[in-house]
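This is the structure in structure tokens:
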């Protein structure tokens, strides 16, 4: 290789390594101070707005002005008023300045004596050349009449990562603002950055603590009807749309640890790992599940491993996708082979099973303005231990819009389960049912029938009727009635025979939506009228 | 005595005239001005609506980069800031802005967008004249709320008793943010209000992250997008759920 070619190669390599030949690197941190700094995440753009004595510090540069608008999604910053940029090769001044932080491209508007626009590189006015900015370069969001999500005098921005305000004041429509010493809002455009592996709660308010473009650590204040007010702490790592890993800890009430990880190894091949450790549960302390799945053109194959306390199982599944035979029916088939290792040896220490599942769906049809759907699913599992379970489920639904704001939905489901044992002498021990001589007692005080209730054939029938009145926007009133008729039907176990719920959804303010639910179950568990409340808040 | 009384009466009578003679910025009318003659001439005024970049040194500069000179004694309405939508009244003779209205609610006949402002009113250095904007790019009406409807079709193997939830970026993708309404056995919908011209990113779940939607091969689904324009209605489909293949 000649000397010239070596030099050329070295020059190209150097330009790739530095990457700054024609573009400045995105600043890793930007410090914004002003009389008022507001953050508007929902205003058609994720916007940071500053007004009055604005000072923006990024690297060695300091940008001074009267107002600033920073579109954090487009990474474009606009400063207006008496603008000065110091710390660069030469001072830049003007009445407006716009800069693309990703490319370093910048334009400044000066009035000398008439308005003129200059393209500026490296914030060096001595090399500026006059010319118009690209259309839309100075565009901003109209914030008149909009309330910031949070405001402060000081914000630290990690472009593409987060906005932290110190302190952070949260204005409300009426009443005093809520002020926190600091608050971090993640800018990461990945839905899994907010993933929580903790159990679902009816109210969950995250409080972000630390964040980077690929991670977020947050504390949570939660409420659910079972445990009341609880706290949680979680950490998420994301890798684009390829992988994420979340760990959640509920340290106090109902304490548990959860881990959830997912990775797309290559298109069509992914692995999932979930784990739970229950601190307070005396029986099952650890749950672990691993799944490797490949989705091909025709079939989906899954290998999974599960650990529940000291027992574990492994399974191989193969199934089709949902196929539609036009205008006739749709179907999906599955088959599985599994192995169970049962701690304690009941019924056997090692047991094998085969299973199958068939789903048939009828295409939706409309008769008299009523949408009708129907499906039937048949599944079976047969164990080496002489035990077979076969279940057939038929579901029929009907939905009709009575008026533009009133609609009805009805669903009827029949399930027939055949659960039988070839060897009842062993089955009696293995089932875990109470011995006939010492029955349990149902919640309403009646003796639980134990074996005598076992018929081998169970029938579950459920009927649901839902009526909805829609108001403007989100507003909604919904009344749902359920009727369950099972055989055999035990007092206090399973679904209540009659259940009614009323849900009211109302948008109180543009950023606050409240859902209040009230439900009753009748004639069940010695309570003939057992009310329950549900409450939810969402933006 | 009579002279003194007459002098005082004369002073009172003249006072309003003297007050009018003092240069006084016109008070912006709370209602839009009629499309009639502008104050300085008999020619009809020109109305231009646009977004303010800054007001400085006697110029109003739009975000397009165009600058228009202000009448010397013009009173700039309080509250105008970078990004505000304004309508200016241009005098055809003076070629200056004679009135500025903040956030005009109605559109006047003949009103033009700042991207199409007649060039004779613009004062910029010739080299800095803005490049033509792509066709259709005008100042968006960013006010008000719009009702939108999201409709989703779910897979046939979805458990019949499960609800479907909408999870949006507004709640940082809370998996049980908004419970959707059943339309029939395979369709759910929800109506909601969004700020006009905003974009909503959302996904579907069955209440938890373990039951979030996935693509046909089990991969991660990018959030759906909905632009809040009048009568917006989606027709989304969930290919499969994370926990059911």
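Protein chains in written order, with our numbering: chain W, 1 to 539; chain D, 1001 to 1245.
Ideal placement from N, C-alpha and C gives every residue a C-beta, glycine not left out.
Could you check where the beta strand (DSSP E) with residue i kicks off and where it finishes?
{"i": "residue 1102 of chain D", "result": "1097-1102"}
{"i": "residue 129 of chain W", "result": "124-130"}
{"i": "residue 293 of chain W", "result": "286-295"}
{"i": "residue 505 of chain W", "result": "498-509"}
{"i": "residue 481 of chain W", "result": "476-487"}
{"i": "residue 1164 of chain D", "result": "It is not in any beta strand (DSSP E) - residue 1164 of chain D carries neither H nor E in the DSSP assignment."}
{"i": "residue 273 of chain W", "result": "269-278"}
{"i": "residue 162 of chain W", "result": "162-165"}
{"i": "residue 384 of chain W", "result": "Segment: none, residue 384 of chain W is in no beta strand (DSSP E) and carries neither H nor E."}
{"i": "residue 1131 of chain D", "result": "Note, residue 1131 of chain D: premise wrong, no beta strand (DSSP E); not H, not E."}
{"i": "residue 1069 of chain D", "result": "1067-1069"}
{"i": "residue 460 of chain W", "result": "457-470"}
{"i": "residue 250 of chain W", "result": "243-250"}
{"i": "residue 206 of chain W", "result": "203-212"}
Just the chain A side, please: which residues come within less than 7 Å of residue i by C-beta, in chain order?
{"i": "residue 29 of chain W", "result": "Considering every chain present, this structure includes no chain A. Its protein chains are W and D."}
What separation, rounded to the nearest whole angstrom, lies between the Cα atoms of residue i and residue j?
{"i": "residue 1231 of chain D", "j": "residue 1178 of chain D", "result": "20 Å"}
{"i": "residue 1090 of chain D", "j": "residue 1048 of chain D", "result": "8 Å"}
{"i": "residue 1162 of chain D", "j": "residue 1196 of chain D", "result": "32 Å"}
{"i": "residue 21 of chain W", "j": "residue 103 of chain W", "result": "In this predicted model, residue 21 of chain W has a pLDDT of only 34, less than 50, meaning its place in the structure is not dependable enough to derive any value."}
{"i": "residue 501 of chain W", "j": "residue 1053 of chain D", "result": "53 Å"}
{"i": "residue 1099 of chain D", "j": "residue 190 of chain W", "result": "46 Å"}
{"i": "residue 473 of chain W", "j": "residue 172 of chain W", "result": "21 Å"}
{"i": "residue 521 of chain W", "j": "residue 390 of chain W", "result": "30 Å"}
{"i": "residue 95 of chain W", "j": "residue 113 of chain W", "result": "12 Å"}
{"i": "residue 83 of chain W", "j": "residue 1044 of chain D", "result": "37 Å"}
{"i": "residue 519 of chain W", "j": "residue 166 of chain W", "result": "43 Å"}
{"i": "residue 86 of chain W", "j": "residue 57 of chain W", "result": "10 Å"}
{"i": "residue 1233 of chain D", "j": "residue 246 of chain W", "result": "34 Å"}
{"i": "residue 1062 of chain D", "j": "residue 289 of chain W", "result": "59 Å"}
{"i": "residue 381 of chain W", "j": "residue 271 of chain W", "result": "25 Å"}
{"i": "residue 353 of chain W", "j": "residue 314 of chain W", "result": "10 Å"}
{"i": "residue 1121 of chain D", "j": "residue 1146 of chain D", "result": "36 Å"}
Do residue j and residue i come within 8 Å of each other at the CB atom, strictly closer than that value?
{"i": "residue 111 of chain W", "j": "residue 1173 of chain D", "result": "no"}
{"i": "residue 1189 of chain D", "j": "residue 1181 of chain D", "result": "yes"}
{"i": "residue 336 of chain W", "j": "residue 351 of chain W", "result": "no"}
{"i": "residue 1212 of chain D", "j": "residue 1242 of chain D", "result": "yes"}
{"i": "residue 69 of chain W", "j": "residue 55 of chain W", "result": "no"}
{"i": "residue 233 of chain W", "j": "residue 251 of chain W", "result": "yes"}
{"i": "residue 295 of chain W", "j": "residue 1218 of chain D", "result": "yes"}
{"i": "residue 291 of chain W", "j": "residue 302 of chain W", "result": "yes"}
{"i": "residue 214 of chain W", "j": "residue 259 of chain W", "result": "no"}
{"i": "residue 1202 of chain D", "j": "residue 1237 of chain D", "result": "no"}
{"i": "residue 321 of chain W", "j": "residue 300 of chain W", "result": "yes"}
{"i": "residue 107 of chain W", "j": "residue 119 of chain W", "result": "yes"}
{"i": "residue 1125 of chain D", "j": "residue 116 of chain W", "result": "yes"}
Just the chain D side, please: which residues come within less than 7 Å of residue i by C-beta, in chain order?
{"i": "residue 507 of chain W", "result": "1193"}
{"i": "residue 194 of chain W", "result": "1172, 1173"}
{"i": "residue 143 of chain W", "result": "1083"}
List the residues of chain D whose Cβ lies closer than 9 Å to the Cβ of residue i, in chain order.
{"i": "residue 171 of chain W", "result": "What residue 171 of chain W touches in chain D: nothing, since even the nearest Cβ is about 17 Å away."}
{"i": "residue 404 of chain W", "result": "Per Cβ cutoff of 9 Å: no residues; residue 404 of chain W is ~11 Å from chain D at best."}
Just the chain W side, please: which residues come within less than 8 Å of residue i by C-beta, in chain order?
{"i": "residue 1101 of chain D", "result": "Within 8 Å Cβ-Cβ: nothing; residue 1101 of chain D doesn't reach chain W, min ~12 Å."}
{"i": "residue 1124 of chain D", "result": "114, 115, 116, 117"}
In chain D, what lies closer than 8 Å to residue i by C-beta?
{"i": "residue 69 of chain W", "result": "1082, 1083"}
{"i": "residue 472 of chain W", "result": "1147, 1193"}
{"i": "residue 138 of chain W", "result": "1053, 1063, 1064, 1065"}
{"i": "residue 148 of chain W", "result": "The premise fails here: residue 148 of chain W is roughly 13 Å from chain D at the closest Cβ pair, so nothing lies under 8 Å."}
{"i": "residue 130 of chain W", "result": "1125, 1127, 1128"}
Under 7 Å Cβ-Cβ, which residues of chain W neighbour residue i?
{"i": "residue 1182 of chain D", "result": "399, 409, 466"}
{"i": "residue 1207 of chain D", "result": "200"}
{"i": "residue 1087 of chain D", "result": "None at all; the shortest Cβ gap to chain W is about 13 Å."}
{"i": "residue 1160 of chain D", "result": "395, 411, 413"}
{"i": "residue 1119 of chain D", "result": "Within 7 Å Cβ-Cβ: nothing; residue 1119 of chain D doesn't reach chain W, min ~13 Å."}
Do residue i and the ligand PLP come close, with the Cβ less than 7 Å from some heavy atom?
{"i": "residue 302 of chain W", "result": "As far as ligands go, the structure on display features none, and thus does not contain the ligand PLP."}
Which residues of chain W have a Cβ atom closer than 9 Å to the Cβ of residue i, listed in chain order?
{"i": "residue 1155 of chain D", "result": "322, 332"}
### Message
By the 7 Å beta-carbon criterion, what residues does the segment 102-115 of chain W contribute toward chain D?
### Response
Against chain D - using a Cβ distance shorter than 7 Å - the residues of the segment 102-115 of chain W are 109, 111, 114, 115.
### Query
Got a sec: which bits of the segment 220-232 of chain W sit with their beta carbon under 9 Å from any beta carbon on chain D, in order along the chain?
Along the segment 220-232 of chain W, there is no position whose C-beta sits under 9 Å from a C-beta of chain D.
### Query
Using Cβ-Cβ distances below 8 Å, what residues of the segment 1220-1233 of chain D are close to chain W?
1220, 1222, 1223
### Task
Determine which residues of the segment 257-272 of chain W have a Cβ less than 9 Å from any Cβ of chain D, and write them out in chain order.
260, 262, 264, 267, 268, 269, 270, 272
### Task
Would you list, in chain order, the members of the segment 293-326 of chain W that have their beta-carbon closer than 8 Å to a beta-carbon of chain D?
293, 295, 300, 302, 317, 319, 321, 322
### Task
Quick one: which residues of the segment 79-91 of chain W get their C-beta closer than 7 Å to a C-beta of chain D? List them in chain order.
80, 81
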